[in-house]
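So the sequence shown is numbered by numbering that gives the first Met the number 0: it starts at 0 and just counts up by one. Ideal Cβ positions, reconstructed from N, Cα and C, are used throughout, including at glycine. Predicted, not measured: the structure shown is a model, and the values here were computed from it. A short worksheet on the structure shown next.
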Amino acid sequence: MEHAAVNCILCDSPDRSPLIRQGDWTVLRCNACGLGFLDPRPDQDELNELYRSSYFQSHYDDGLKTDSPEMKRRLSQETHRVRFFHGIRRQGRLLDIGCGMGYFLFACRRRGYDVEGMDISADSAAYVRRELGIPVAVGTIDGVDYPPASFDIITMWHFLEHAREPAKYLEKARQWLKPDGILVVDVPNYEGTDARKRWDHWTGWSLPYHFYHFTPGTLQKLLAKKGFRTMRHKDYLSEHVKESLERAFFPKPVARLIARFYSGHSFAVVARKNGNP
Numbered sequence: 000m001e002h003a004a005v006n007c008i009l010c011d012s013p014d015r016s017p018l019i020r021q022g023d024w025t026v027l028r029c030n031a032c033g034l035g036f037l038d039p040r041p042d043q044d045e046l047n048e049l050y051r052s053s054y055f056q057s058h059y060d061d062g063l064k065t066d067s068p069e070m071k072r073r074l075s076q077e078t079h080r081v082r083f084f085h086g087i088r089r090q091g092r093l094l095d096i097g098c099g100m101g102y103f104l105f106a107c108r109r110r111g112y113d114v115e116g117m118d119i120s121a122d123s124a125a126y127v128r129r130e131l132g133i134p135v136a137v138g139t140i141d142g143v144d145y146p147p148a149s150f151d152i153i154t155m156w157h158f159l160e161h162a163r164e165p166a167k168y169l170e171k172a173r174q175w176l177k178p179d180g181i182l183v184v185d186v187p188n189y190e191g192t193d194a195r196k197r198w199d200h201w202t203g204w205s206l207p208y209h210f211y212h213f214t215p216g217t218l219q220k221l222l223a224k225k226g227f228r229t230m231r232h233k234d235y236l237s238e239h240v241k242e243s244l245e246r247a248f249f250p251k252p253v254a255r256l257i258a259r260f261y262s263g264h265s266f267a268v269v270a271r272k273n274g275n276p
């Protein structure tokens, strides 16, 4: 095991208190800004062991044929993610960091994007290349690099909470994005309704795989610190409640107001790169 930095990576405060303990693992909360972080946490050797193929087998299936009914169902789910940013950037070169089995990339390609992925799992990457015909780089931020201004869109779906150095990934993303490029990030929300109701059994903790634990406020502050301006924010449960009320013929302003009292397991943001590379 190893210890996290003495000071908070977001606000540099040394003031922290326990947020939750599960077995050998403790999540601390920065008392100044609210960022949660695992401390102690697995060292690199322990992390390599944790992320062997058994982890991916427990989180993903063995891969689907492109014409299978299950693939069609997955594509329908992933298309919902594509719609989140499609109105802002309808085409271009897209990199998905932490692409897993590549279903999101497959959905994006069907919508006309030029796609590629990045993942630490060689098995997942092999499936994506072989079955989906999509290029995937294997490795972490320290071993994979692209020329500056390579991409129009970079996505991180439930990835940033796994990163040992999330700020470093955001710095690289900013470097790899074109001047008007956008970053899409989705993370669990430990302040959401789902977390508050389930707390000790909330799946968003996922210890010790999740090194950092975000709220909408802390993620947006970290993005701003690394040169991004948040353009759009979406909470999945809140959005579902709003849409359900609208279908029940509630006026849209009323539906939006009620939905604000609900927050789900995770939230997503679209952020635009600020300034010069």
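Proximity winner among the options, relative to residue i (alpha-carbon distances)
i	options	result
V269	L206, M155, R197, R163	M155
G203	E160, R129, T217	E160
S205	A31, K177, R108, L37	L37
T214	R228, D234, P41, I140	D234
H2	R129, R73, K167, F210	F210
E164	L182, T139, P207	T139
V137	G101, R110, H79, Y112	G101
W24	I181, D144, R40	R40
G278	P207, P147, H79	Because the chain in this structure spans residues 0 to 276, residue 278 falls outside the shown range and cannot be described.
P144	D14, R128, K167, F158	Looking at the sequence shown, residue 144 is not Pro but Asp. It is K167.
E77	L104, W201, I153, L34	L104
Y126	A106, C107, Y112, C98	C98
V81	R73, A106, R72	A106
I153	A162, L182, K177	L182
Classification of residue i by the beta-carbon crowding that lies within 10 angstroms, buried from 16 upward
i	result
A4	exposed
W198	exposed
P134	exposed
N273	exposed
R195	exposed
S12	exposed
G191	buried
D44	exposed
A223	exposed
R271	buried
R228	exposed
S75	exposed
P250	exposed
S237	Model confidence at S237 stands at a pLDDT of 45, short of 50, so the residue's coordinates are unreliable; what they give is reported in the following sentence. With 16 or more other Cβ atoms within 10 Å, it is buried.
E116	This sequence places Gly at residue 116; Glu is not what is there. That one is buried.
H212	buried
R15	buried
S57	Note that S57 has pLDDT 49, beneath the 50 cutoff, so the model's placement of it is unreliable and the number below is only indicative. Exposed is the call here.
I87	exposed
H79	exposed
V240	Legend: pLDDT at V240 = 49, less than 50; position of this residue unreliable, value from coordinates given subsequently. Classification for V240: buried.
Rounded C-alpha distance that separates residue i from residue j
i	j	result
W175	I19	36 Å
H85	D141	30 Å
I96	G22	30 Å
R173	K225	8 Å
M70	L49	28 Å
A267	C7	22 Å
D151	C10	29 Å
C32	H264	20 Å
D118	R128	12 Å
C29	D42	21 Å
P207	L169	22 Å
R110	V26	39 Å
V114	D193	33 Å
R72	F158	22 Å
H232	L131	30 Å
L46	P252	47 Å
L201	L34	As written in the sequence, residue 201 is Trp, which differs from the Leu given in the question. Their Cα atoms are separated by approximately 17 Å.
Terminal residues of the alpha helix (DSSP H) in which residue i lies
i	result
T192	192 to 197
A125	121 to 126
L93	L93 -> not in any alpha helix (DSSP H); beta strand (DSSP E) instead, spanning 92 to 96.
E45	43 to 49
Residue span of the beta strand (DSSP E) that contains residue i, given as start and end
i	result
C29	24 to 29
A162	It is not in any beta strand (DSSP E) - A162 carries neither H nor E in the DSSP assignment.
R108	Note, R108: premise wrong, no beta strand (DSSP E); alpha helix (DSSP H) at 102 to 109.
T229	227 to 234
S265	265 to 272
Q21	15 to 21
P178	176 to 187
L9	L9 -> no beta strand (DSSP E), and no H or E assigned at all.
T154	150 to 156
A322	A query on residue 322 cannot be resolved here, the shown segment of the chain reaching from 0 to 276 and no further.
E130	Unbroken run through E130: none, as it is neither H nor E.
G203	Note, G203: premise wrong, no beta strand (DSSP E); not H, not E.
*When the Cβ atoms of the stretch 116 to 124 are set against those of the stretch 82 to 92, are three or more pairs found closer than 8 Å?*
Under the 8 Å Cβ criterion, the stretch 116 to 124 does not count as touching the stretch 82 to 92, having fewer than three qualifying pairs.
*Are the stretch 214 to 226 and the stretch 181 to 191 touching, with three or more C-beta to C-beta distances below 8 Å?*
Yes, the stretch 214 to 226 is in contact with the stretch 181 to 191.
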